[in-house]
Amino acid sequence: MIDVRLLRTDADGVRAALARRTKPELLEQIDQASRLDERLREITAERDETRRRVNELSKEVGQLRKAGETDAAETAMATSRSLGESERTLAAEHDTVSEALHQLLLRIPNVPHPDAPDGAGEEDNPLIKGPVNMPAEFPEHQRVPHWESATALGILDNERATKISGAMFTMQRGLGATLARALCQLALDNNADAFEEIRPPTLVTTATLTATGQLPKFADDAYAIERDDLWAIPTAEVPLTSLYSGEVLDEADLPALMMAHTSCFRREAGSAGRDTRGMLRTHEFDKVEILAVATPEQAPELLTMMVARAERTIASLGLPYRIIEICTGDMGQSHHRSYDIEVYAPGCDRWLEVSSISWFSDYQARRGDIRLRRPDKKGTEIAHTLNGSALAVPRVWAAIIENNRQADGSVVIPDVLLPYMRGATVISPK
RNA sequence: GGAACGAUGGCAGAGCGGCCAAAUGCAUCCGCCUUGAAAGCGGAAGGGUUCACGCCCCGGGGGUUCAAAUCCCUCUCGUUCCGCCA
Numbered sequence: 022m023i024d025v026r027l028l029r030t031d032a033d034g035v036r037a038a039l040a041r042r043t044k045p046e047l048l049e050q051i052d053q054a055s056r057l058d059e060r061l062r063e064i065t066a067e068r069d070e071t072r073r074r075v076n077e078l079s080k081e082v083g084q085l086r087k088a089g090e091t092d093a094a095e096t097a098m099a100t101s102r103s104l105g106e107s108e109r110t111l112a113a114e115h116d117t118v119s120e121a122l123h124q125l126l127l128r129i130p131n132v133p134h135p136d137a138p139d140g141a142g143e144e145d146n147p148l149i150k151g152p153v154n155m156p157a158e159f160p161e162h163q164r165v166p167h168w169e170s171a172t173a174l175g176i177l178d179n180e181r182a183t184k185i186s187g188a189m190f191t192m193q194r195g196l197g198a199t200l201a202r203a204l205c206q207l208a209l210d211n212n213a214d215a216f217e218e219i220r221p222p223t224l225v226t227t228a229t230l231t232a233t234g235q236l237p238k239f240a241d242d243a244y245a246i247e248r249d250d251l252w253a254i255p256t257a258e259v260p261l262t263s264l265y266s267g268e269v270l271d272e273a274d275l276p277a278l279m280m281a282h283t284s285c286f287r288r289e290a291g292s293a294g295r296d297t298r299g300m301l302r303t304h305e306f307d308k309v310e311i312l313a314v315a316t317p318e319q320a321p322e323l324l325t326m327m328v329a330r331a332e333r334t335i336a337s338l339g340l341p342y343r344i345i346e347i348c349t350g351d352m353g354q355s356h357h358r359s360y361d362i363e364v365y366a367p368g369c370d371r372w373l374e375v376s377s378i379s380w381f382s383d384y385q386a387r388r389g390d391i392r393l394r395r396p397d398k399k400g401t402e403i404a405h406t407l408n409g410s411a412l413a414v415p416r417v418w419a420a421i422i423e424n425n426r427q428a429d430g431s432v433v434i435p436d437v438l439l440p441y442m443r444g445a446t447v448i449s450p451k
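If you're matching positions, the first sequence starts at 22 in this note's numbering and goes up one per residue.
Here is the structure:
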């Protein structure tokens, strides 16, 4: 949620910043929010003045009663009673306008960082680094899509996953399952020096899913368990961001760095038929997420640090990769600045997004009410949040299967994963 | 799932419907005292919103009343007991 006060003091600045997202309808929404805010302030002032008089009169009633002046007390009560009527009307109007403004603000995206590159969409995302580890050409045996080679190796059994749970669910078996878990372990171990490991719940309340920005706008993309009013998390970002919601953190305790390995659940509504093969897009997958709650000053450096950490893990696997920055037209609604790491998969001949690292400025923290207190300052301020995937399993798994495929059809396991593979060094055909 | 009790400031814990933003203790900060500290003494100190006056905040929501931390309803969470259970 953007700061309404910013809208008040610098409406033109907000307009200009959001115009960079190249969504014309946003500007209309901002104007509407400004109008609602103005109206809200008028009503609030009027309501508060009425309340002040009621409070005043009520005190008088008490004093008059005590003094035995019953008639005067009755008069004051009558006045207060009629004021109470108008107070109720004003309060109702206040609540209506306030709710309308709130709903509108929930849907207005974050302002992009001044240095975020301009652009209309995906095609304008600038390349920041790479390609790294990219061979001049790939031998024919690497040009096999993982859904074919992995199925042949017996480590991917999507046919049975579909039987059990329906389309777009996957299942790894044997060393394939071990490999998936090894990737998570690697990502956790690579970040354990700085990040506290958390094992959060994967079912969360509506309030929690709203705080991170998934609701109300993306309700169709999340699995809902209606009977209990719970939602399955699409990413560990959701519970981790809300870990400190409603709390005031001491500046000395920041940044709070957390990581978690969880299943992630996505309905992928609207993407039926796209990327449905193999492990490119699935309803349930494993991911290791890293996340920071920080002061505004700490945030830029943390963003760099988190990108570097995600990169280091990908690089250590020996996969061809590149880093791109997300331009204003392609940025997610909560993002302030954002980078993607992509891995090349020769079998499907595609760059696969395997990590997305973003700085949310105070957008999420305002929704989630995460604040910080400075030692010498009165009051509190809204914290900043950042998060990113340290490693998302399916696409990295797929890229390993394709990139490490040998001429005989076997797949060599990257060295950094060997400690987690129970002695296996290669996945061979049966 | 059933029953009883509970939820108040950083923590603990008072609080006859009006004198309650809220006692007291601990913790914190600033003085005094001391070579320095502890103890003792004196003082300061909640959050949100507003340019400000003010308004709002005693788990959330609703109600009664001129007036609610206080009464009523409801939800959530916690504790204890019973039941069920991997």
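Note that CB positions come from ideal geometry on N, CA and C, so glycine has one too. Note that the structure is a prediction, hence the values are computed from the model and not measured.
Taking the DSSP output, what are the residues bridged to G353? Paired residue(s): none; G353 is not in a bridge.
Relative to the alpha-carbon of E46, which residue among S355, V75, P130 and T199 has its alpha-carbon at the smallest distance? P130
Who are F286's beta bridge partners in DSSP? E305
Beta-carbon within less than 8 Å of S170's beta-carbon, same chain only, minus the 5 sequence neighbours each way: which residues are those? G368, I422, E423, R426, G430 and V432
Grab me the residues of E108's own chain with a C-beta within less than 7 Å of its C-beta, minus the 5 sequence neighbours each way, in chain order. R68, T71, R72 and V75
What's the C-alpha gap between T199 and H282? 15 Å
So what does DSSP say about D370, is it helix, strand or coil? coil
Find out if the Cβ-Cβ distance for the pair A38, V132 is shorter than 7 Å. yes
Given L278 as reference, the closest of I311, A112 and P255 once Cα atoms are compared: I311
Could you check the C-alpha separation between S101 and K80 for me, to the nearest Å? 11 Å
Buried versus exposed call for R387 [16 or more other C-beta atoms within 10 Å across all chains shown]: buried
Using a 10 Å radius around the Cβ and a threshold of 16 neighbouring Cβ atoms, would you call G389 buried or exposed? buried
Three-state secondary structure (DSSP) at G409? strand
What residue range does the beta strand (DSSP E) around G444 cover? No beta strand (DSSP E) holds G444; DSSP gives it neither H nor E.
Three-state secondary structure (DSSP) at L48? helix
Taking the CB atoms as reference points, tell me whether T263 and A232 lie closer together than 7 Å. Per the sequence shown, residue 263 should be read as Ser rather than Thr. The answer is yes: Cβ separation under 7 Å.
Around the C-beta of Q84, are 16 or more other C-beta atoms found within 10 angstroms, so that it is buried, or is it exposed? exposed
Top-ranked residue by Cα proximity to E63, from Q354, I391 and H115: H115
Check whether the Cβ atoms of R395 and E272 sit closer than 7 Å, and answer yes or no. yes
I need the boundaries of the beta strand (DSSP E) containing L28, first residue and last residue. Per DSSP, L28 belongs to no beta strand (DSSP E); it is in the alpha helix (DSSP H), V25 to T30.
Applying the 10 Å Cβ sphere with the 16-neighbour rule, what's the burial state of T229? buried
Tell me, to the nearest whole angstrom, how far the beta carbon of A420 is from that of L340; I am working on the premise that it is less than 8 Å. 5 Å
Cutting at 6 Å between CB atoms, please list the residues of its own chain near A257, excluding the five before and the five after it. A281, T283 and E310
Taking 7 Å as the cut-off, decide whether the C-beta atoms of I378 and M326 are in contact. no
Three-state class that DSSP yields for L236 in the structure shown: coil
Pair within 7 Å by beta-carbon distance, T406 and A137: no
Would the beta-carbon of T183 fall within 7 Å of that of T303? no
Run through the DSSP bridge pairs and tell me what V153 is partnered with. Y342
From the DSSP secondary-structure annotation, give me the bridge partner or partners of W418. In the DSSP output, where bridge partners are listed per residue, W418 has none listed.
Report yes if the C-beta distance between C285 and P260 is below 7 Å; otherwise report no. no
Pairwise C-alpha distance: D139 and M442: 44 Å
What first and last residue would you give for the beta strand (DSSP E) that runs through R392? R392 to R394
Residue range of the beta strand (DSSP E) that includes D271: V269 to D271
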